[in-house]
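Those protein sequences? They're chains G and D, same order as listed. Residue 51 in the numbering used here sits at position 65 of the first sequence; the count goes up by one each step and never skips. Residue 200 in the numbering used here sits at position 214 of the second sequence; the count goes up by one each step and never skips. Reviewing the structure listed below.
2 protein chains.
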Amino acid sequence: MPELRKDPISGRWVIISIERGKRPSDFPRRISTSRGGFCAFCSGNEHTTPPEIFAIRPEGSAPNSPGWSLRVVQNKFPALSSAGDLNKTAEGIFDKMNGVGTHEIIIESPEHDSTLSTMPLKNIEDALKVFDLRIAELKKDPRFKYVLIFKNEGEDAGASLDHTHSQLIALPVIPHLVQEEIENARQYHTYKERCIFCDIIHQELAYKIRRTSENEEYMALAPFAARSPFETFILPKRHESKFLHNGNPALLAEILQKTLKQIDVVLGSPSYNMIIHTSPYNNEINDYYHWHIEIKPKLTKIAGFEWGSGFYINPTPPEEAAQFMRDAEID
Amino acid sequence: MPELRKDPISGRWVIISIERGKRPSDFPRRISTSRGGFCAFCSGNEHTTPPEIFAIRPEGSAPNSPGWSLRVVQNKFPALSSAGDLNKTAEGIFDKMNGVGTHEIIIESPEHDSTLSTMPLKNIEDALKVFDLRIAELKKDPRFKYVLIFKNEGEDAGASLDHTHSQLIALPVIPHLVQEEIENARQYHTYKERCIFCDIIHQELAYKIRRTSENEEYMALAPFAARSPFETFILPKRHESKFLHNGNPALLAEILQKTLKQIDVVLGSPSYNMIIHTSPYNNEINDYYHWHIEIKPKLTKIAGFEWGSGFYINPTPPEEAAQFMRDAEID
């Protein structure tokens, strides 16, 4: 059973996974580049993953058989354990609880070389709907307070498999960074009676200097204080605190793929991380927090300064990045 | 003039360095491994660095000539600008100020292949004293609120030069992570009337399960909620809020080198980041914050989950890491 531990200094929670406990010799001395060969996420290899939790497949076809266009499976090496209770306890002056949660994999395409930039829009639309479905389903488990959905694309971004996939982790605590965003957004709302994200969107609608694209429902933009080059957020233009709530998944798929195509063209298909930030289960519908997708191409290194300060050094002004993105010639 | 920008959502400040403004084609697609050749930090090449701010060198020897054992120079490519005022302004709903600060390099040894693990203890002791001196000197500049000293050792940890060196960045704001630590420590002190760091040290003195070494004045330990494998903190055992204040630099040099030797033996000389956290200029002596050194071997990747949550996945329990460290056979 892994443990969640709260650092009393920073207030941050950490997962200590004892089962996965690595020994010193387990760590690579060089970045591994061994890839390719057998792929558990490809069509025909369904039996090599844990059994599917959900799939989009032709009516009547058997679970864990080919023919699917999207699969959700448990992570074979989950970061958290899905069984057991939280058992919150003290260890001396420290606080801890069991590392209860769930860790799922969403395989958006059976094609090995497909990515969100290249797959049919229908697959992305389906994936977004499935994210929403899984969030709703996991809400029924009272142990969970938050679901984080993210994607690591490419080895530099932390992907251990080539075949594109997203990950979902349900957590028994609200993550520190999400809580911090929510607290700041709430304080802003208390002071201004407006949502800070809505204010940012309105400013971009007026000045358009950091906007990278837009459709009827969504806007993509470079944040004013982007932590790294070409960091891009996608947000609903209308206030929505809960992921996809009342939204149009086809339009979201469209702007997401367009943004990733722009990044591919401008930066030569870099590795990237993508994260969905939405309101926690205990307060999904509210006036102050605004769900969004964060996309961060992996271009710079996190070193001592960032690690020690929470300050980031971004060598590309977001306005210039946005200009490059807008100018990208995508098909 | 670079800019500091505050993200209104997270409260985080970011340096936007316009002069260093990278273009898309500037980013490496693969990690560069081209190293070696000419080294500006080696003895004999003093004229290729910016002029020295401070040096330990034989009496009567000319500045910027060979013979030194330690040099402090401006970073040739500083992240912040040392001239100008802050000029705090708004940009629409956003807040910004000029990126005023200083960015210095401390070269602890003239030997190209020397590291903190291998250099004479006297060099480390000198470096620690010089850190203290530079912090005191920069306090005279009223624009600066905080000085962060850190080291990136090895390419994976973000070092761009092989020759070991530390970096010092003086900032016009207190970094987010430091402020957060201070706030949490202050809250703890308000509640308990004790310093949280002192409580951690007392617990380790009693149980010793996460302690990795100790001398008369300092303790090294694996934090309870270590963010990554073999993360190690070094702290004064007596309460001290200000770096090295009343401390013994020879004893600090000793435990620092011992800790790094343990890491080298256990993990095969990995890349690492080292950071000094001390109290800010406006409140250097206080009852609730406790200065410390954080050492983080670069063994795991920061990926989407960490990036999106502030949660870290640490595959090695700190108690096991501490045991490995204690068992390391160092000379």
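Using N, Cα and C, we set each Cβ at its ideal position, and we do this for glycine too. Small disclaimer: the values here were computed from a predicted structure and weren't measured.
Reduced DSSP category for residue i - H, G, I as helix; E, B as strand; rest coil
i	result
Phe40 (chain G)	strand
Leu56 (chain D)	strand
Asp71 (chain G)	coil
Ala48 (chain D)	coil
Ser295 (chain G)	helix
Ser20 (chain D)	With a pLDDT of 42 at Ser20 (chain D), under the threshold of 50, the modelled position of this residue cannot be trusted, and the question is left open.
Thr88 (chain D)	strand
Lys82 (chain D)	strand
Glu77 (chain G)	strand
Ile182 (chain G)	helix
Ile93 (chain D)	strand
Pro14 (chain G)	Confidence at Pro14 (chain G) is low in this model, with a pLDDT of 43, below 50, so the placement of that residue should be treated as unreliable; the coordinate-derived value is given next. Of the three classes helix, strand and coil, the one that applies to Pro14 (chain G) here is coil, per DSSP.
Gly290 (chain G)	helix
Arg197 (chain G)	strand
Asn170 (chain G)	helix
Glu305 (chain D)	helix
Arg(-2) (chain G)	With a pLDDT of 45 at Arg(-2) (chain G), under the threshold of 50, the predicted position of this residue should be treated as unreliable, though the coordinate-derived value follows. Here Arg(-2) (chain G) sits in coil by DSSP.
Closest Cα partner of residue i within the set the options
i	options	result
Ala156 (chain D)	D:Glu217, D:Arg197 and D:Glu90	D:Glu90
His231 (chain D)	D:Thr198, D:Arg197 and D:Phe117	D:Phe117
Thr88 (chain G)	G:Trp277, G:His225, G:Pro256 and G:Glu123	G:Glu123
Gln309 (chain D)	D:Ala206, D:Leu114, D:Ser103 and D:Val59	D:Ala206
Val159 (chain G)	G:Asn84, G:Met260 and G:Leu147	G:Asn84
Ser95 (chain D)	D:Asn109, D:Ser103, D:Val86 and D:Ile288	D:Asn109
Met260 (chain G)	G:Lys228, G:Tyr274 and G:Ala145	G:Ala145
Lys244 (chain D)	D:Glu190, D:Asn272, D:Glu32 and D:Ala314	D:Ala314
Arg224 (chain D)	D:Ala236, D:Thr218 and D:Ile187	D:Ile187
Ala26 (chain D)	D:Phe40, D:Leu221 and D:Lys62	D:Lys62
Thr150 (chain G)	G:Pro235, G:Ala208, G:Glu305 and G:Glu97	G:Glu97
Thr176 (chain G)	G:Ser67, G:Tyr298, G:Asn272 and G:Asn300	G:Asn272
Thr101 (chain D)	D:Pro256, D:Thr218, D:Gln165 and D:Glu305	D:Pro256
Cys184 (chain G)	G:Glu166, G:Gly30 and G:Leu221	G:Leu221
Asn50 (chain G)	G:Cys28, G:Ala65 and G:Ala69	G:Cys28
Pro52 (chain D)	D:Ser67, D:His33, D:Ser227 and D:Ser152	D:His33
Leu238 (chain D)	D:Ala192, D:Pro304 and D:Tyr204	D:Tyr204
Leu242 (chain D)	D:Gly70, D:Leu114 and D:Pro37	D:Leu114
Gln67 (chain G)	G:Ala143, G:Gly254, G:Thr198 and G:Val86	In the sequence under discussion, the amino acid at residue 67 (chain G) is Ser, which differs from the Gln named in the question. Checking every option, the nearest Cα to that of Ser67 (chain G) belongs to G:Val86.
Ser318 (chain G)	G:Ala236, G:Asn73 and G:Asp112	This structure leaves residue 318 (chain G) out entirely; chain G is present only between -13 and 317.
Asn268 (chain G)	G:Ile316, G:Lys228, G:Asp81 and G:Arg43	G:Lys228
Phe210 (chain G)	D:Ser199, D:Ile93 and D:Glu77	D:Glu77
Ile93 (chain D)	D:Pro36, D:Lys194 and D:Val252	D:Pro36
Leu107 (chain D)	D:Ala65, D:Pro304, D:Tyr258 and D:Ala236	D:Ala236
Ile316 (chain D)	D:Glu270, D:Thr75 and D:Val252	D:Val252
Gly30 (chain G)	G:Ile39, G:Phe40 and G:Ala48	G:Ala48
Ile39 (chain D)	D:Phe24, D:Leu119 and D:Pro161	D:Leu119
Ala332 (chain D)	D:Lys287, D:Tyr258 and D:Pro303	What is shown of chain D runs -13 to 317, which leaves residue 332 (chain D) out entirely.
Near the ligand ZN: residue i beta-carbon under 6 Å from a heavy atom
i	result
Val116 (chain G)	You won't find the ligand ZN in this model; it holds no ligand whatsoever.
**Asked** For the region 202 to 285 of chain D, which segments carrying the alpha helix (DSSP H) assignment without a break, of at least 4 residues, lie completely within its bounds, in sequence order?
**Response** Here the runs fully enclosed are 235 to 253.
**Complete beta strand (DSSP E) runs within the region 105 to 166 of chain G (minimum length 3 residues, chain order)** = Listed in chain order, the complete beta strand (DSSP E) runs (minimum 3 residues) inside the region 105 to 166 of chain G are 132 to 139 and 152 to 157.
**Asked** According to a CB-to-CB cut-off of less than 8 Å, which residues of the region 149 to 177 of chain G neighbour chain D?
**Response** From the region 149 to 177 of chain G, only Gln153, Ile155, Leu157, Pro161, His162, Leu163, Val164, Glu166, Glu167, Asn170, Ala171 and Tyr174 have a Cβ closer than 8 Å to chain D.
**Request:** Could you run through the region 120 to 145 of chain G and flag, in chain order, every residue whose CB is less than 7 Å away from some CB of chain D?
**Result:** Legend: CB atoms of the region 120 to 145 of chain G lying less than 7 Å from CB atoms of chain D belong to residues Leu134, Phe136, Lys137, Asn138, Ala143 and Gly144.
**Message:** What are the residues in the region 286 to 307 of chain D lying within 7 Å of chain G by C-beta distance?
**Reply:** Along the region 286 to 307 of chain D, the positions whose C-beta sits under 7 Å from a C-beta of chain G are Lys287, Ile288, Ala289, Gly290, Phe291, Trp293, Gly294, Ser295, Gly296, Phe297, Tyr298, Ile299, Asn300, Pro301, Thr302, Pro303 and Glu306, read in chain order.
**Item:** Inter-stretch contact at 8 Å, needing at least 3 Cβ pairs: the region 281 to 300 of chain D / the region 208 to 224 of chain D
**Value:** Contact holds: three or more Cβ-Cβ distances are below 8 Å.
**Prompt:** Is the number of C-beta pairs between the region 170 to 182 of chain D and the region 49 to 66 of chain D that are closer than 8 Å three or more?
**Reply:** With a cut-off of 8 Å on Cβ pairs, the region 170 to 182 of chain D is not in contact with the region 49 to 66 of chain D, counting fewer than three such pairs.
**Message:** Below 8 Å, how does it come out for the region 291 to 298 of chain G and the region 127 to 139 of chain D: are there three or more Cβ pairs, yes or no?
**Reply:** Flag = yes, the region 291 to 298 of chain G and the region 127 to 139 of chain D touch.
**Item:** Any 3 or more C-beta pairs closer than 8 Å across the region 297 to 309 of chain D and the region 237 to 251 of chain D
**Value:** With a cut-off of 8 Å on Cβ pairs, the region 297 to 309 of chain D is not in contact with the region 237 to 251 of chain D, counting fewer than three such pairs.
**Asked** Between the region 185 to 196 of chain D and chain G, which residues of the former have a C-beta closer than 9 Å to a C-beta of the latter?
**Response** Under the 9 Å Cβ criterion, the region 185 to 196 of chain D contributes Asp185, Ile186, His188, Gln189, Ala192 and Tyr193.
**Prompt:** Below 8 Å, can you find three or more Cβ-Cβ pairs linking the region 267 to 278 of chain G to the region 161 to 175 of chain G?
**Reply:** Contact holds: three or more Cβ-Cβ distances are below 8 Å.
**Request:** May I ask you to list, following chain order, the residues of the region 259 to 275 of chain G that have a beta carbon less than 9 Å from some beta carbon of chain D?
**Result:** So the list reads Asn259, Met260, Ile261, Ile262 and His263, given in the order they occur along the chain.
**Message:** What are the residues in the region 62 to 89 of chain G lying within 7 Å of chain D by C-beta distance?
**Reply:** With the criterion set as a beta carbon lying under 7 Å from some beta carbon of chain D, the members of the region 62 to 89 of chain G are Ala65, Gly78, Ile79 and Phe80, in sequence order.
**Item:** the region 293 to 305 of chain G contacting the region 261 to 268 of chain G, beta-carbon criterion three pairs below 8 Å
**Value:** Not touching, per the Cβ criterion.
**Residues from the region 197 to 212 of chain G in contact with chain D, defined by Cβ distance under 9 Å** = Correct list: Pro209, Phe210, Ala211 and Ala212.
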